[in-house]
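The listed protein sequences correspond, in order, to chains A and G. Quick note: the first sequence, position 58, residue 58 per full-length UniProt numbering, numbers continuous. Quick note: the second sequence, position 164, residue 164 per full-length UniProt numbering, numbers continuous.
There are 2 protein chains.
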Amino acid sequence: MPQHPPAEPGMREDEVDTPALILDLDAFEANLDAMAAFLAPTGAKLRAHAKTHKSAVIALQQMRRGAVGQCVQKVAEAEALAWGGVPDILVSNEVASPRKLARLLALSRIADIAVCADGEEGIAMAEQAAEAAGQRLRVLVEISVSGNRCGVSPGPEAVALAQRIAASPHLIFGGLQAYHGSAQHQRTPEQRATTIAQTVEDTRRTVEQLRQQGLECGIVGGGGTGTFRHEATSGVYTEIQAGSYAFMDADYAANEDAPPFRHALFVLSQVMSTARAGFAVLDAGHKAVPTDSGFPKPWQRPGLDYTGASDEHGQLAVRDGAAPKLGEKLRLVPGHCDPTVDRYDWYVGVRGGRVECLWPVSARGGMQ
Amino acid sequence: MPQHPPAEPGMREDEVDTPALILDLDAFEANLDAMAAFLAPTGAKLRAHAKTHKSAVIALQQMRRGAVGQCVQKVAEAEALAWGGVPDILVSNEVASPRKLARLLALSRIADIAVCADGEEGIAMAEQAAEAAGQRLRVLVEISVSGNRCGVSPGPEAVALAQRIAASPHLIFGGLQAYHGSAQHQRTPEQRATTIAQTVEDTRRTVEQLRQQGLECGIVGGGGTGTFRHEATSGVYTEIQAGSYAFMDADYAANEDAPPFRHALFVLSQVMSTARAGFAVLDAGHKAVPTDSGFPKPWQRPGLDYTGASDEHGQLAVRDGAAPKLGEKLRLVPGHCDPTVDRYDWYVGVRGGRVECLWPVSARGGMQ
Numbered sequence: 001m002p003q004h005p006p007a008e009p010g011m012r013e014d015e016v017d018t019p020a021l022i023l024d025l026d027a028f029e030a031n032l033d034a035m036a037a038f039l040a041p042t043g044a045k046l047r048a049h050a051k052t053h054k055s056a057v058i059a060l061q062q063m064r065r066g067a068v069g070q071c072v073q074k075v076a077e078a079e080a081l082a083w084g085g086v087p088d089i090l091v092s093n094e095v096a097s098p099r100k101l102a103r104l105l106a107l108s109r110i111a112d113i114a115v116c117a118d119g120e121e122g123i124a125m126a127e128q129a130a131e132a133a134g135q136r137l138r139v140l141v142e143i144s145v146s147g148n149r150c151g152v153s154p155g156p157e158a159v160a161l162a163q164r165i166a167a168s169p170h171l172i173f174g175g176l177q178a179y180h181g182s183a184q185h186q187r188t189p190e191q192r193a194t195t196i197a198q199t200v201e202d203t204r205r206t207v208e209q210l211r212q213q214g215l216e217c218g219i220v221g222g223g224g225t226g227t228f229r230h231e232a233t234s235g236v237y238t239e240i241q242a243g244s245y246a247f248m249d250a251d252y253a254a255n256e257d258a259p260p261f262r263h264a265l266f267v268l269s270q271v272m273s274t275a276r277a278g279f280a281v282l283d284a285g286h287k288a289v290p291t292d293s294g295f296p297k298p299w300q301r302p303g304l305d306y307t308g309a310s311d312e313h314g315q316l317a318v319r320d321g322a323a324p325k326l327g328e329k330l331r332l333v334p335g336h337c338d339p340t341v342d343r344y345d346w347y348v349g350v351r352g353g354r355v356e357c358l359w360p361v362s363a364r365g366g367m368q
Numbered sequence: 001m002p003q004h005p006p007a008e009p010g011m012r013e014d015e016v017d018t019p020a021l022i023l024d025l026d027a028f029e030a031n032l033d034a035m036a037a038f039l040a041p042t043g044a045k046l047r048a049h050a051k052t053h054k055s056a057v058i059a060l061q062q063m064r065r066g067a068v069g070q071c072v073q074k075v076a077e078a079e080a081l082a083w084g085g086v087p088d089i090l091v092s093n094e095v096a097s098p099r100k101l102a103r104l105l106a107l108s109r110i111a112d113i114a115v116c117a118d119g120e121e122g123i124a125m126a127e128q129a130a131e132a133a134g135q136r137l138r139v140l141v142e143i144s145v146s147g148n149r150c151g152v153s154p155g156p157e158a159v160a161l162a163q164r165i166a167a168s169p170h171l172i173f174g175g176l177q178a179y180h181g182s183a184q185h186q187r188t189p190e191q192r193a194t195t196i197a198q199t200v201e202d203t204r205r206t207v208e209q210l211r212q213q214g215l216e217c218g219i220v221g222g223g224g225t226g227t228f229r230h231e232a233t234s235g236v237y238t239e240i241q242a243g244s245y246a247f248m249d250a251d252y253a254a255n256e257d258a259p260p261f262r263h264a265l266f267v268l269s270q271v272m273s274t275a276r277a278g279f280a281v282l283d284a285g286h287k288a289v290p291t292d293s294g295f296p297k298p299w300q301r302p303g304l305d306y307t308g309a310s311d312e313h314g315q316l317a318v319r320d321g322a323a324p325k326l327g328e329k330l331r332l333v334p335g336h337c338d339p340t341v342d343r344y345d346w347y348v349g350v351r352g353g354r355v356e357c358l359w360p361v362s363a364r365g366g367m368q
């Protein structure tokens, strides 16, 4: 069953039950505005990635600032968004299940839906599902620009798949998906610029070869919070798929020339043991703040370091004079915002030290 | 909102939607029976740790085989169990929040509830909450046997806290909590034997000093899946707090002299991309199978290795001749069962290749 909300509007932040997912609304809105302002002169549009926020409420705020729609990775995420009023959703991922494709096609009666493919077999599966549903489904070809996940090679192989889609009676060729995941956290701006220059070149070449075959790309999508400045100004990408920009996290903040966004997402935690000097224990371990991209950082609390996580305990090393009190609550900046959000049923929106709103994480756990 | 069940009873396992949490019922029941058989002659009782399974259904099956109750780490877990009919629950952890203590006291009207403390301030907080509720609360002293988490030092400091509890009008001294977490995954049996010998000695000494002060320990609790054989046969521990034994995971299986349990818990995943030779991509990344204790292992599929996880993708290295098909489903043995279970709303119980039952993960996300 879903967990009950850890707060009510009007409460002080230190009254919020812990662990809780705190959204600093001033910082969050500033991040949304900053991305909209950056993209406006580039011609590229935002299709924000909802695998980060998992929230129809947040998706609609991004769209009110000019985003054309949302990306998701999973069919269950597409459902949560469409049911929450999001009108345009790209599954930026392959779907190799007839049952899941049938769910997407059902959804396409209430929202614009597109999905990716990277092989002939997947395209045949999509055609069969669309035919069975009596509908047409938009399909993008995913090209492998980083070489370590899904995607067909850029160039002729991608063109052959696009032709296959265009020749399928119940499919519509939608364009290219060209996201470079590992570049997002390359630490130096030079590394990222070099990597994405190659990605842009591979993508540009493929777009041109498609055009020579009479196939126009409605969408050329990619780019994340670490690299979007390159894709957006490339003249090749039409859509940017950043997600973390709305929240930031410790891993993105560790990039040199870190993206110009503020920390807006926190896990509020409570000190539950001060039994030993130089040490304290928080009620937020790796179930509350996943550590796949490193430990969280205590926020604006010099002298405290989060040095270890077990399931339900966070270990704090305490320097002289910085000891927290038993029961004290403190904010942590998550190492990685995406899996952290997915641990919670509720955002607690805070402004000026008070709880302003509660928003459901409506696609929480939506992995299918 | 909770995710809908990925299966229905009667389905074949390969019809289950993915990712899904699969419980092999034969292996699971064998594990429960094996633990009951091991403990029967020792005199120590099982108080299984529900932070692993998060399920009242599973808790009651453990109790039908002789477990005296359940451990939890969080108040929300205690609520989910008590509401599901579990009559005896120990919060094997400190609770430093007046609101959470009030919730525990409310719960103590429908179940036997106990909680731990490791300092005078926490004891005062519990006394105040119990007085306000007009009830008595059982409190154990947690002693620090591993030195890296909560707990007061064994010996006189622990005795002083026990006396403080016994002197509090609304508290009842319940005994000692003495769990050594990091010993569970020490790889050699010699390391574990040496470590727990010291733990047992520290605990025995404290029990004896308490007795000299007229304080009897109703509960002396600790021990996990890696070490329970030592605590159970020590003559000092009355209760064993193993949780993972019911499921096993890859991390426990990596112990030399691994505990005598079968793998019963799996994540069923689907191959979503086969675009590149020697490589495949699964629909289960670290959101579906947390990697805090290492990558999951493909089950009974020689030639496949899970070599990398991003949010929603699992990377499979494929040796010659072992290539999986697009859309194929395969089981993964999680690196760490506890956080994996907590990612799902449903257990899919399977026997003989068919879905036999669905059980809710009723304390899923219960972190508060």
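We put the CB at the ideal spot given by N, CA and C, even for glycine.
Given a length threshold of 4 residues, each whole run of the alpha helix (DSSP H) inside the segment 190-277 of chain G is given here in chain order: 228-232 and 250-253. Note that the C-beta distance between valine 271/A and glycine 327/A is below 8 angstroms.
In its chain, beyond the 5 residues on either side, Leu140, Cys217, Gly218, Ile219 and Val220 have a beta carbon closer than 6 angstroms to the beta carbon of glycine 175/G. Here cysteine 116/G is bridged, per DSSP, to Glu94/G and Leu140/G. A straight line joining the alpha-carbon of proline 156/A with that of arginine 276/G spans about 15 angstroms. In this structure, arginine 136/A lies near alanine 130/A, with their beta-carbon atoms less than 8 angstroms apart. CA-to-CA, the gap between alanine 124/G and leucine 39/A works out to about 56 angstroms. For the pair serine 244/G and alanine 253/A, the Cα-to-Cα distance works out to about 36 angstroms.
Where leucine 326/G is concerned, there is no enclosing beta strand (DSSP E), because DSSP gives it neither an H nor an E.
For proline 298/G, not one C-beta of chain A is nearer than 8 angstroms to its own C-beta. Rounded to the nearest angstrom, the gap between the Cα atoms of alanine 232/A and alanine 132/G is 60 angstroms.
Comparing alpha carbon positions, the residue from Gly10/A, Thr52/A and Gln61/A closest to glycine 365/A is Thr52/A. Within the segment 13-37 of chain A, the complete beta strand (DSSP E) runs of at least 3 residues fall at 20-24.
Ranked by Cα distance from phenylalanine 228/A, the first of Arg103/A, Ile240/A and Ala246/A is Ile240/A.
Not flagged as an interface residue toward chain A: arginine 47/G, since no C-beta distance is shorter than 8 angstroms. Taking 8 angstroms as the Cβ-Cβ cut-off, the segment 320-339 of chain G approaches chain A at Leu326, Gly327, Asp338 and Pro339, given in chain order. Just measuring C-alpha positions, the residue of Gly352/A, Val361/A, Pro360/A and Val200/A sitting nearest aspartate 14/A is Gly352/A. In the assembly as shown, glycine 122/G is a buried residue. Its beta-carbon has 16 or more other beta-carbons within 10 Å. Sequence-distant Cβ neighbours of glycine 85/A in its own chain, meaning closer than 8 angstroms and more than five residues away, are Ala56 and Leu60.
Straight across, the Cα-Cα distance linking alanine 246/G with serine 182/G is about 19 angstroms. The Cβ-Cβ distance between valine 289/A and isoleucine 22/A does not fall below 8 angstroms.
When secondary structure is reduced to three states using DSSP, glutamate 131/G falls in the helix class. Its chain contains Asp311, Glu312 and Arg343 as the residues whose beta carbon lies nearer than 8 angstroms to that of lysine 287/A, once the 5 sequence neighbours on both sides are disregarded; these appear in chain order.
Proximity of arginine 187/G to chain A, defined by a Cβ-Cβ separation below 8 angstroms, is not satisfied. 8 angstroms or more divides the Cβ of aspartate 118/G from the Cβ of aspartate 88/G. For arginine 99/G, the C-beta contacts it makes with chain A under 9 angstroms involve Glu15 and Asp17, in order along the chain.
For proline 260/A, no Cβ of chain G is located within less than 8 angstroms of the residue's own Cβ.
Sixteen is the threshold: when 16 or more other Cβ atoms of the shown chains lie within 10 Å of the Cβ of alanine 114/A, as they do, the residue is buried.
Chain-ordered listing is empty here: chain A has no CB closer than 8 angstroms to the CB of threonine 195/G, the nearest sitting near 16 angstroms.
Glycine 10/G and leucine 25/G have their C-alpha atoms spaced approximately 14 angstroms apart. Lysine 51/A reaches chain G at Asp311 and Glu312, counting residues in chain order whose Cβ is nearer than 8 angstroms.
Residues of the segment 133-151 of chain G with a C-beta atom less than 9 angstroms from some C-beta of chain A are Glu142, Ser144, Gly147, Asn148, Arg149, Cys150 and Gly151, listed in chain order. Among the residues of chain A, none has a CB under 7 angstroms from the CB of histidine 180/G; the nearest is roughly 12 angstroms distant. The three-state secondary structure of valine 152/G, taken from DSSP, is strand.
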